[in-house]
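K.L.:
Numbering (the working numbering), first residue to last: 59 to 173.
(1) Curious, which full-length beta strand (DSSP E) runs of at least 3 residues does the region 81-151 contain?
(2) Does DSSP put residue 79 in a helix, a strand or coil?
(3) Indicate whether residue 73 and residue 110 have their beta-carbon atoms separated by less than 8 Å.
(4) Going by CA-CA distance only, name the one from 168, 139, 166, 64 that's closest to residue 155.
(5) By the 10 Å Cβ neighbour count, where 16 or more other Cβ atoms means buried, how is residue 90 classified, buried or exposed?
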């Protein structure tokens, strides 16, 4: 039963990775003043769009849980530091790590319960 959830959870993890990287590249464009990272941001957001082409691909409960996880990950990144150097150098990387750590078991449970 749980093995059927594995592809959905991995797809969610990769969409989270690409979404957060797209946000990071947009922030790098703003801070650096060069338009180079904007291409990478477009590719990252395009990958998320390609994974979920229609709204019916995502159940309402998963979408709500995803928004809650991103908010919890952002709050955790602000208030709970990661003690490893490469993960704590940038807010967006810490946000990504916290969202994946919090979100993977939560999304697996939500998919198990509602899908």
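Where a beta carbon is used, it is the ideal one built from N, C-alpha and C, also for glycine.
Quantities reported herein were computed from a predicted structural model and do not represent experimental measurements.
P.N.:
Working from what's here:
(1) DSSP runs (the beta strand (DSSP E)) wholly in the region 81-151: none.
(2) helix
(3) yes
(4) Residue 139 is the option with its Cα nearest to residue 155.
(5) exposed
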